[in-house]
Structures are given as C-alpha cells and as structure tokens.
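Undergrad:
Numbering (the numbering used here), first residue to last: 814 to 893.
1. Taking the DSSP output, what are the residues bridged to residue 768?
2. Hey, is the segment 855 to 864 in contact with the segment 815 to 830, meaning 3+ C-beta pairs nearer than 8 Å?
3. Roughly how many angstroms separate the alpha carbons of residue 849 and residue 835, rounded to a whole number?
4. Suppose only complete runs of 4+ residues qualify. What are the alpha helix (DSSP H) ranges in the segment 819 to 892, listed by chain order?
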C-alpha cells in the first residue's frame with residue numbers, strides 16, 4: 814500500500830510506502846518484484862522519487878540499499 818502526493822516542501826511528486834508485507838512462505842525474490850512494481854506504479858503516477866521504511870524490529874534496509882535507496886531520516890515514536 815502506498816500513496817503518491819506533492820511533497821510539501823516543493824520537491825515534486827513523491828510516493829511513500831505505508832504497508833509492505835510479504836508472507837514468510839513467499840519471501841525471497843518476491844521482495845524485488847514488489848519493489849519493481851511499486852517503482853513502476855510511482856513512475857506512472859508522475860513521481861520523481863519513492864520512499865520506503867523499515868521497522869527497527871524487522872530491519873530490511875540492506876535490500877533497499879542494494880536497490881539504490883539511501884537513508885534520509887530516522888523517526889522516533891513514543892506511546893501515550
């Protein structure tokens with residue numbers, strides 16, 4: 814699940830992933846196919862860049878880095 818929108822700081826139209834899940838029985842090359850589909854969708858939606866996230870508890874940043882993604886921000890969260 815992802816959304817495409819105009820970046821609020823004028824960086825152009827971007828896509829951000831909201832939920833990305835692959836069942837354990839389908840993991841492996843499927844992740845790369847899903848990233849390909851996501852990037853193709855974003856291009857078709859007129860996006861100039863795409864974003865992905867990974868949870869600290871399930872860090873898959875190495876997959877993103879191998880695909881050309883670069884870390885740009887770290888988020889912190891606190892339950893209230």
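Where a beta carbon is used, it is the ideal one built from N, C-alpha and C, also for glycine.
TA: Per the coordinate set shown:
1. Look at the range of the chain in this structure, 814 to 893, and you will see that residue 768 is not part of it.
2. yes
3. 14 Å
4. 843 to 857, 874 to 879
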